[in-house]
Structures are given as structure tokens and as C-alpha cells.
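Start counting the sequence shown at 27; every next residue gets the next number (the numbering used here).
By construction, the Cβ of each residue, glycine as well, lies at the ideal position given by its N, Cα and C atoms.
Nothing here was measured: the structure is a model prediction, and the numbers come from that model.
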Amino acid sequence: MNSDRTGKAPVSPAHLLAEIRAAARQEQFLEVVSPEEARQRFESSLDLKPLAAETVPLADALGRVLAKDIAAPVDAPPFDRSNVDGFAMRAADTAGASDANPCRLFLNGEVLACGTEPRLTVAPGTATAIATGGVIPRGADAVAMIEWTDLAESTKGPVIDLRRPLLPGQFVSFAGSDIARGEMLLRYGTHIGSREIGMLAACGIDKVEVVRKPKIAVLSTGDELTPPGKPLAAGAVYDSNGAIIAASITEAGGVAVAMGAFPDNEEILTKALRDALAQCDIVVLSGGTSKGAGDFSHRIVSQLGTVLVHGVALKPGKPLCLAVSGGKAVVVLPGFPTSAIFTFHAFVAPLIRAWAGLPRESAEVVEAKIPVRVASELGRKEFMLVSLIEGAEGKVALPGTKGSGSVTSFSQADGFIEVDALAASVDAGTTQAVTLIGKATRPPDLTITGSHDPALDILISAIARKGFTARTIAVGSQGGVSAAARGECDVAPVHLVDTNEGPTKGKYNLHLLKPGLQLVPGWRRMQGVVYRKGDARFAGKTAAEAVRDAASDSSCVMVNRNAGSGTRVLVDNLLAGAAISRPAGYANQPKSHNAVAVAVVQARADWGVAIEPVAKLYGLDFLPIAPEQYDFLIVESRRNRAAVQAFLQALQDQEVRDRIRAVGMEPVE
Numbered sequence: 027m028n029s030d031r032t033g034k035a036p037v038s039p040a041h042l043l044a045e046i047r048a049a050a051r052q053e054q055f056l057e058v059v060s061p062e063e064a065r066q067r068f069e070s071s072l073d074l075k076p077l078a079a080e081t082v083p084l085a086d087a088l089g090r091v092l093a094k095d096i097a098a099p100v101d102a103p104p105f106d107r108s109n110v111d112g113f114a115m116r117a118a119d120t121a122g123a124s125d126a127n128p129c130r131l132f133l134n135g136e137v138l139a140c141g142t143e144p145r146l147t148v149a150p151g152t153a154t155a156i157a158t159g160g161v162i163p164r165g166a167d168a169v170a171m172i173e174w175t176d177l178a179e180s181t182k183g184p185v186i187d188l189r190r191p192l193l194p195g196q197f198v199s200f201a202g203s204d205i206a207r208g209e210m211l212l213r214y215g216t217h218i219g220s221r222e223i224g225m226l227a228a229c230g231i232d233k234v235e236v237v238r239k240p241k242i243a244v245l246s247t248g249d250e251l252t253p254p255g256k257p258l259a260a261g262a263v264y265d266s267n268g269a270i271i272a273a274s275i276t277e278a279g280g281v282a283v284a285m286g287a288f289p290d291n292e293e294i295l296t297k298a299l300r301d302a303l304a305q306c307d308i309v310v311l312s313g314g315t316s317k318g319a320g321d322f323s324h325r326i327v328s329q330l331g332t333v334l335v336h337g338v339a340l341k342p343g344k345p346l347c348l349a350v351s352g353g354k355a356v357v358v359l360p361g362f363p364t365s366a367i368f369t370f371h372a373f374v375a376p377l378i379r380a381w382a383g384l385p386r387e388s389a390e391v392v393e394a395k396i397p398v399r400v401a402s403e404l405g406r407k408e409f410m411l412v413s414l415i416e417g418a419e420g421k422v423a424l425p426g427t428k429g430s431g432s433v434t435s436f437s438q439a440d441g442f443i444e445v446d447a448l449a450a451s452v453d454a455g456t457t458q459a460v461t462l463i464g465k466a467t468r469p470p471d472l473t474i475t476g477s478h479d480p481a482l483d484i485l486i487s488a489i490a491r492k493g494f495t496a497r498t499i500a501v502g503s504q505g506g507v508s509a510a511a512r513g514e515c516d517v518a519p520v521h522l523v524d525t526n527e528g529p530t531k532g533k534y535n536l537h538l539l540k541p542g543l544q545l546v547p548g549w550r551r552m553q554g555v556v557y558r559k560g561d562a563r564f565a566g567k568t569a570a571e572a573v574r575d576a577a578s579d580s581s582c583v584m585v586n587r588n589a590g591s592g593t594r595v596l597v598d599n600l601l602a603g604a605a606i607s608r609p610a611g612y613a614n615q616p617k618s619h620n621a622v623a624v625a626v627v628q629a630r631a632d633w634g635v636a637i638e639p640v641a642k643l644y645g646l647d648f649l650p651i652a653p654e655q656y657d658f659l660i661v662e663s664r665r666n667r668a669a670v671q672a673f674l675q676a677l678q679d680q681e682v683r684d685r686i687r688a689v690g691m692e693p694v695e
């Protein structure tokens, strides 16, 4: 018998006919379905919940997804700190200071370097030298930059002459103003980037519970495949699919397990597939899906599991095979690289992201409108951090409100805009180019702007487990009403009593309704004066009596709330009946009930106003003022959005309502 130029004997006519007949008998595509039908069959046959949690060191948490909510175990900053080198003092002492008429203050006998605990109280008419990052001493509520002062001597000792007046809180970051102990730091489902690593480190957290990454076995099939780096035989090709798919798995958030390339041998491939299923969550084969003589991968898969789809109306990608075996996904991709990678991203990548706890990929946004005028400093180019939300007429960029020492400013920002050095401000209504931070940044599904409440985190966690992202912006009830009226949020939590004459006088929140807004009941809660246990200045008194007496005592320091909050309105109403309407500590204005409680616990303040559950959480005594209603304004035009509907459903969910009761609130029926 003659041989060909390879030295092999030619195939006999009978053998050739047998091979052709075998190929002709091979299964055709079982049923060509639409991509939508294929995806529905595939995903409905799998549990798409994120995989179980595992604990990793903080250094290994980058790129992972949080498997549980994390509450801040400490304050950030952990104490009232100076933002500049200068002198800590009482702002009230500096009224009228100028170059022509400087204010003279006597220096206390200590210098507060970083890490130094203050020993002396800043009394009226005195100041203490302090470094950037130093602890603000009791009695001080502002810091003067050293450049604004002149050092001098007097018969009573060293003094400074201050040439500018100060505002309360100037150049001071109050303890807990960035993050307060007990406040939600990061939520379940958060994708951990460098910003989140910084937040966790700032709170002293060194280990994190994250969603386990899915393991995906990668097998290439075909006698013609040669590993990269080896010489090609006649008719052979390099196995590029294995490398492309493994890299794509890593990009999608999974762990690729390279099993190698296998010949067209049914016994060998069956064993390899069994091994892959034993080790991994997903098995991806490349090749063996069409009707050629050597393509039998789908037949092996059908013997080990259930083939859901074999043939999809895609170009490229028609031969795709989707199957399930023991709750694990098995995907046989087409052999051609373009088809393989196209179908991988269409069908496999979403599964990997779901099991890894990652959201589906979305487009980036680069232009947005600035809703309010924002001042800038002349002479320096400013990179202004912004958060992106969906406004009534497109994307809106909300400028950040925290200073450069804040950890959460960067974490909560989606990007930044550049303000020219010659510009004194960015005008309201202008469209700005936003440079996005991070590759996968996107606006949240739900924006909640308004009053702070600890139970709000329960609702947000509930919708996070349904795959929705949310951002809370604590600007107080009045700030929430304004944001809702401008269409710059989805939900505005509020608790404002109507003090004006009319049908709603004395009632909560009904007077806030405006065209385009709806009011949804939330829960009832009790506000009151919080103070350290055993403090005789408060014990046995009513809230009104305690506030009246404390305001008249110069040694009794309060902690206030931010302007625009419902609690601030309550505080100012209480102080209206006191002899001194702005007692010591009035300028300390954190944005949450937790931060108020922490300030009292750490003796930076002696009293404040917060809700009863927070007082219990921190072991503080409580003098009730009045019950109040905490409700939600919903922007009508956004009510039908999926995230808003999920929020409203969570409000009615019995398990969620039980959790809200457990923290001391009473949901409205």
C-alpha cells in the first residue's frame, strides 16, 4: 500500500466512509434558542447568590467583596484635632480682631504636639500652642493659624496677638465627624478598593470577611492544540483560548484553574471533566460544540449533567453549550477565539460576578451638572471630589462636604472636577467634566439624602442583599427636603415638626409635602438629653430643666447637631428657654446621633440630644424630650425605579420591621 509524504498509510475507503457516517450521525444542535432564552434557562437553573464568606487579612482584601456589614469600632478621627499649626482658643475671644486691633491672648504652659494628651483647659482669654493633628484641649473650639499671630512677652508671661477673628469650629475636625463609633462603615456587598482599604485601616481593622471567589476550571480540547512556547507541528495551532479565558476569569472576579489542553479522546476528556467538577464551581471547556467529527465535548457533558442549551442565535457564538452538573455550571464555548471570548463575556462572566458578589458591569459617566454654587480658593487649582446621582435632567455631581483629613470623602466620591486657579467658584447649573475614580465606578442605585437614623442601615442592608447599591448623605431633614424638591435624591428621611399656625401644627412632616413628593410613614422614636451616668447636674430633672441649668454653667460643655437637622431644631427650641442660647460646645456639630453619644462618653462634652436607642447602646442616661415621627419623602418621578420599589418593600417586610423594633424604634402600621 502506498504511503503519503508524512509516511503514514492512507485511510482505506471503508474506514473513511465509516468516519464520515459517524460524523453525520453526531447530534445536531439540540435547539437553537435566543440569547435571552439561553440566559434565562441557564441562570434559573443555578443559585446565583454570592458564595460563602471567608476571612482574609486586610492586605489581601483588595478587589474582594464584603460578606457582611462593618460598623466602625472607633471614632475617626478618634479625638478633636487641629487641622493646622497654630493656637487652640475660644472663638468668642477673637471677635473684632484685626491688623489694626489685634486680640491679645495669654499662652497656657503646654505645647500640644501630635500624640500629646492635653493637661490644661483653655480658659477665656487664653490659648494653647498646637501642631497639625494635635488634640484640641477642653474649652477650645477653634484654632488660629500661626501665620495670623505674633508672639510677644508681657509682665504676666508669653502672649500672642491675633490679627483675625475666628469662627467656632474653624480648623478643627471634631471627633467622630468623619466616622463615629457604631456607625455603618461599609455595607455587605461593597467592592473593596484602595479607598475602602484606607477606611478599614483608619478604624484599626486588620481582618475582613469577604465573599469567596468562585473557582473556574479551564480546559481546552482538540488534537490540534499546542501549548504556547512549543514548536508547532503540521496542522497544529497554539492554544490561545485557554490563556484568554483564564485572564477573563480573573478580570471578572474569579480564580482561574488552568487544567491544560486535552486531545480528542473521550475517555481522557471524561476523566478531566470529572476532576474539574470535583475541584471547582464552574467548568469552562473551549471547543467541541459544533458538529465536526472530533467535537464530542457536549456529549460527555450530557452524560455528567443536564444540557440546558446547545445552540444560541448569536453571531459569533452559535455552537455554545450550557449545562448544569450537581449545582455547578458547565459551559462549552466555541473553539474559535472570537466566538469563545464573546460568549464567555455574555454568559460566563455574569455568573462569575454574581457568585463573587460583584454587580453587573456598567458604563462610566464623564459629564454632570453642578446643582449649587461652590466656592473655591483663588490662586490654587482645586480638585473637587463629587458624588454622582441621577437628576431630573441627567447626571448631577454633588460636591463633597468633608475636609482633606476625611477618610470617607474619598471613599464616597465617584470622581472629581478640576477648578481653575483663577476661578473663585463653580457656578450652579454648569456642566462639568468629571474624572471618575476607579475603573468600575457608577452612581448608586438609590440616593438617600436627609436625616440620620441608625435603623436606616437595616433598610439599606436589606436592599443590598437584593443587589442594589445605596448612598446616604447626612445633611439633616431640611437639607433632605431641599434635595428632594430639586430632584437630587430618591428618598429623603425627615423628622420636622410644624411650628406654624395651621391644620398641621404640632404634627410631623405633613407640612413638608410639595408637588412631586410623596410621604411614606417610617417609624416612631424618642429624642432626649443624653449624659454620663451619675452626673448630678442632670439626674432627677426634666429635659427642659437640665438644659436650662447646663446652659448657665460655663463648665458644662454640650455637643450640638448639624444645622438643618430635625434634632438641631429641637436643640435650639430647648435653648430658647435658657439664659444662654449658645453655651460652651454649641459649635461642635456632628452629623449623627452616634457621634453625639461618643462625644459624651469620651467626656469631650457633658450633654447632647440624641435618640433613646443610641443612649442605651453607649450606656448613657437619658431624659426624654418628646416622641417624634421619622418618615420618608419619595420623589414621585422616581417611585417606579427598581431600587425605590425595593426600599418600599423592605419597609413592609416583617423581618426588617422586627429588626427595626429590636434597635428601639416602632414601625408605623
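Tell me the DSSP secondary structure of ASP440 in three-state form. It is coil, neither helix nor strand.
Figure out for me which residue from VAL460, TRP174, LEU448, VAL358 has the closest Cα to the Cα of GLY441. Between GLY441 and the set VAL460, TRP174, LEU448, VAL358, the nearest pair of CA atoms involves VAL460.
Measuring only the C-alpha atoms, how far is PRO529 from GLY502? Taking the straight line joining both Cα atoms gives about 24 Å.
Cα-Cα separation between ASP307 and VAL281, rounded to whole angstroms: 10 Å
Consult DSSP for ARG665 and reduce its assignment to one of helix, strand or coil. coil
Going by DSSP, name the residue or residues bridged to TRP633. Beta-bridge pairing links TRP633 to TYR557, MET584.
Distance, TYR264 Cα to THR369 Cα: Taking the straight line joining both Cα atoms gives about 20 Å.
Neighbourhood of ARG683 by C-beta distance below 6 Å, restricted to the same chain and skipping five residues each side: PRO693
Just checking: is the beta-carbon of ALA287 within a distance shorter than 9 Å of some beta-carbon in chain C? The structure shown contains no chain C; it is built from a single protein chain.
Report yes if the C-beta distance between VAL661 and GLY542 is below 9 Å; otherwise report no. yes
VAL185 versus PHE132: straight-line alpha-carbon distance, rounded: 4 Å
Are the CB atoms of ASN535 and GLN655 within a distance shorter than 9 Å? yes
In its own chain, which residues sit with a C-beta less than 7 Å from the C-beta of LEU188, not counting the 5 before and 5 after it? THR120, ALA123, PRO128, CYS129, LEU131, ALA170, TRP174, THR175
How big is the Cα-Cα spacing for SER498 and LEU472? The sequence shown places Thr at residue 498, rather than the Ser named in the question. Rounded to the nearest angstrom, the two C-alpha atoms are 9 Å apart.
Per DSSP, what kind of secondary structure is PHE132 in: helix, strand or coil? strand
Just tell me which of ALA450, ARG551, ALA449, LYS421 has its CA closest to the CA of ASP479. Residue ARG551 is the option with its Cα nearest to ASP479.
Beta-bridge partners of PHE673, as assigned by DSSP: None; PHE673 has no bridge partner.
On a CA-only basis, which of LYS533, PRO240, VAL234, LEU538 is nearest ALA98? Give me that one, please. VAL234
Whose C-alpha, out of ILE156, ALA168, THR158, is nearest the C-alpha of PRO150? ALA168
Let me know the beta strand (DSSP E) ranges lying completely inside the stretch 278-334, each 3 residues or longer, listed in chain order. 281-288, 308-312
Start and end of the beta strand (DSSP E) containing PRO184? Boundaries of the beta strand (DSSP E) around PRO184: 183-188.
CB contact flag (GLN305, ALA382, <9 Å): no
Sort out for me which residues DSSP pairs VAL445 with in a bridge. GLU408
Going by beta-carbon coordinates alone, are SER312 and GLY279 separated by less than 9 Å? no
Report the CB separation of PRO639 from MET691 in whole angstroms; it is logged as a contact under 8 Å. 7 Å
Could you check what DSSP says for GLN504 in three-state terms: helix, strand or coil? helix
Going by C-alpha to C-alpha distance, which of ALA126, LEU88, LEU192, VAL412 sits closest to ALA613? LEU192
Go through the stretch 193-257 residue by residue and report every complete run of the beta strand (DSSP E) that reaches 3 residues or more, in order. Secondary structure within the stretch 193-257: the beta strand (DSSP E) runs of 3 or more consecutive residues, fully enclosed, are 210-212, 233-237, 241-247 (chain order).
Three Cβ pairs or more, each shorter than 8 Å: is that satisfied between the stretch 263-277 and the stretch 325-338? no
At what residues does the alpha helix (DSSP H) containing PRO376 begin and finish? 375-381
According to the Cβ coordinates, are LEU659 and LEU545 closer than 9 Å? Yes; because the gap between Cβ atoms is below 9 Å, this pair is in contact.
Burial state of GLU416 (16 or more Cβ within 10 Å): buried
When you compare each of ALA490, ARG630, TYR644, PHE648 to VAL161 by their alpha carbons, which one comes out closest? Checking every option, the nearest Cα to that of VAL161 belongs to ARG630.
Taking the alpha helix (DSSP H) that LYS642 belongs to, which residues open and close that run? 638-643
Considering Cα atoms alone, identify which of VAL338, THR457, ILE486, ALA284 is closest to LYS241. ALA284
Check this for me: beta carbons of GLY590 and GLY513, under 9 Å apart or not? no
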